[in-house]
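Asker:
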Amino acid sequence: VEGGMGGVTQALKRSAEYFGAEIYTNAEVDEILVKNNKVEGIKLKNGKEVKAKIVVSNADPKKTFLHLLRNAELDEGFVKKVKALKTTGVSFKIVGYLEELPDFGNGKSLSPEHIASELIMPSINYIEKAYDDARIFGYSKEPWLSINIQSSVDPTVAPQGKFSFSIFGQYVVYDRKRNYEMKDEIATRTLELIREYAPNFKPIKYEMLTPLDIESRFGITGGNIFHLDMTPDQLYFFRPLIGYSDYTTPIEGLYLCGSGTHPGGGVTGAPGYNAYIKILEDLKKKS
Numbered sequence: 114v115e116g117g118m119g120g121v122t123q124a125l126k127r128s129a130e131y132f133g134a135e136i137y138t139n140a141e142v143d144e145i146l147v148k149n150n151k152v153e154g155i156k157l158k159n160g161k162e163v164k165a166k167i168v169v170s171n172a173d174p175k176k177t178f179l180h181l182l183r184n185a186e187l188d189e190g191f192v193k194k195v196k197a198l199k200t201t202g203v204s205f206k207i208v209g210y211l212e213e214l215p216d217f218g219n220g221k222s223l224s225p226e227h228i229a230s231e232l233i234m235p236s237i238n239y240i241e242k243a244y245d246d247a248r249i250f251g252y253s254k255e256p257w258l259s260i261n262i263q264s265s266v267d268p269t270v271a272p273q274g275k276f277s278f279s280i281f282g283q284y285v286v287y288d289r290k291r292n293y294e295m296k297d298e299i300a301t302r303t304l305e306l307i308r309e310y311a312p313n314f315k316p317i318k319y320e321m322l323t324p325l326d327i328e329s330r331f332g333i334t335g336g337n338i339f340h341l342d343m344t345p346d347q348l349y350f351f352r353p354l355i356g357y358s359d360y361t362t363p364i365e366g367l368y369l370c371g372s373g374t375h376p377g378g379g380v381t382g383a384p385g386y387n388a389y390i391k392i393l394e395d396l397k398k399k400s
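Going from the sequence shown to my numbering is simple: count from 1 and add 113.
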């Protein structure tokens, strides 16, 4: 898709508007309005209220139930279960630009490895050590990495003559203090590690996002890109909680559609599509 992930969202926007949707940007939701256990709409940070009989939240479950539902009468047991959900982020991201394509052994001209994802995880023992380091130190001294050179297939995402890249890495454990203190050290070590495989991997500009950055910038609890840990006790009919794996909530008219619902994280669109099907089914029952 030309334009990267931003191109995908712009295409969805155009399609939705074609069918009559109104889309507001820079309009942060401050509260989901509820009366008599029924949703009434939303209130924005600027004070504007938007009335609606159905609200679909793409925010994570903790954000939705513990922060946006201020006047809802939620069962204490339900709230306790929401608070117990595991949401600790452990992923980091580095994005930036390069002067030249990285040489992973086939030279600096465009090669198959530039179009594919380059993975640095030489062995199971390597991955296990990365995990053990994170448990002990709060981050992996030698993280496993997935590297993409997006401009190798779409030059529009980089300045002319430059090459864009993104690095997805694990592990950096969410910690309000240590994420800030360790940020530069982790970024430096990560780039040094990549240069062991591609010596010319020297960004002219880059930005690193720790779990703390992800939380503060995107409003995701714990900086967990999957909203909830993708562990067996939080998958399938456990996701987000038993009794609510069908995208419904204890509030009539309020649905969830984010990565905290089945089938979980990753850019699949499946949670949103499934929620849409459930909402249509409920509307048909009422008609």
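Yeah, the Cβ is synthetic: ideal placement off N, Cα and C, and Gly gets one too.
#1: What separation, rounded to the nearest whole angstrom, lies between the Cα atoms of PHE339 and GLY282?
#2: What are the start and end residues of the alpha helix (DSSP H) that includes LEU146?
#3: What does the Cβ neighbour count give for VAL270, buried or exposed, with the cut at 16 atoms within 10 Å?
#4: In or out: ASP297 buried (at least 16 other Cβ within 10 Å) or exposed?
#5: Under the three-state reduction of DSSP, which class applies to TYR293: helix, strand or coil?
#6: Looking only at C-alpha atoms, which of VAL152, LEU341, TYR310 and THR362 sits nearest to PHE233?
#7: Starting from the C-beta of LYS194, find all residues in its chain whose C-beta is less than 6 Å away, skip the five residues before and the five after it, and write them out in chain order.
#8: Which residues does DSSP pair with PHE278 in a beta bridge?
#9: Determine the burial state of VAL114: buried for a count of at least 16 other Cβ atoms within 10 Å of its Cβ, exposed for fewer.
#10: Out of PRO312, LEU341 and PRO268, point me to the one whose CA is closest to LYS196's CA.
#11: Using DSSP with H/G/I as helix, E/B as strand and the rest coil, what is GLU328?
#12: Would you mind giving the Cβ-Cβ distance between GLY202 and PRO324, rounded to the nearest angstrom? I have them listed as a contact below 8 Å.
#13: Rounded to the nearest angstrom, what separates PHE276 and PHE351 at their Cα positions?
Answerer: On the basis of the supplied data:
#1: Here residue 339 corresponds to residue number 226 of the sequence shown, with the count starting at 1. Here residue 282 corresponds to residue number 169 of the sequence shown, with the count starting at 1. GLY282 has its alpha-carbon roughly 14 Å from the corresponding atom of PHE339.
#2: Mapped onto the sequence shown, residue 146 falls at position 33. Element bounds for LEU146: not the alpha helix (DSSP H) but the beta strand (DSSP E), 142 to 148.
#3: Locating residue 270 in the sequence shown gives position 157, counting from the first residue. The residue is buried, with at least 16 neighbouring Cβ atoms inside 10 Å.
#4: For the purposes of this step, residue 297 is taken as residue 184 along the sequence shown, with counting starting at 1. By the 16-neighbour rule on beta-carbons within 10 angstroms, ASP297 is exposed.
#5: Within the sequence shown, numbered from 1, the residue matching residue 293 stands at position 180. Note: TYR293 maps to helix in three-state DSSP.
#6: For the purposes of this step, residue 233 is taken as residue 120 along the sequence shown, with counting starting at 1. The sequence as given places Ile at residue 233; Phe does not occur at that position. Residue TYR310 is the option with its Cα nearest to ILE233.
#7: Locating residue 194 in the sequence shown gives position 81, counting from the first residue. These residues qualify, in order along the chain: LEU354.
#8: Along the sequence shown, one-based indexing puts residue 278 at 165. Its beta-bridge partners are GLY209.
#9: Numbered from its first residue, the sequence shown carries residue 114 at position 1. VAL114 should be labelled exposed.
#10: Within the sequence shown, the letter at position 83 stands for residue 196. Taking each of PRO312, LEU341 and PRO268 in turn and checking the Cα distance to LYS196, the smallest one comes out for LEU341.
#11: For this step, residue 328 is matched to residue 215 along the sequence shown. Three-state result, GLU328: helix.
#12: Numbered from 1 along the sequence shown, position 89 holds the residue referred to as residue 202. Numbered from 1 along the sequence shown, position 211 holds the residue referred to as residue 324. For GLY202 against PRO324, the beta-carbon gap comes to about 3 Å, under 8 Å, which counts as contact.
#13: Taking the sequence shown and counting its residues from 1, one reaches residue 276 at position 163. Taking the sequence shown and counting its residues from 1, one reaches residue 351 at position 238. Taking the Cα positions, PHE276 is about 42 Å away from PHE351.
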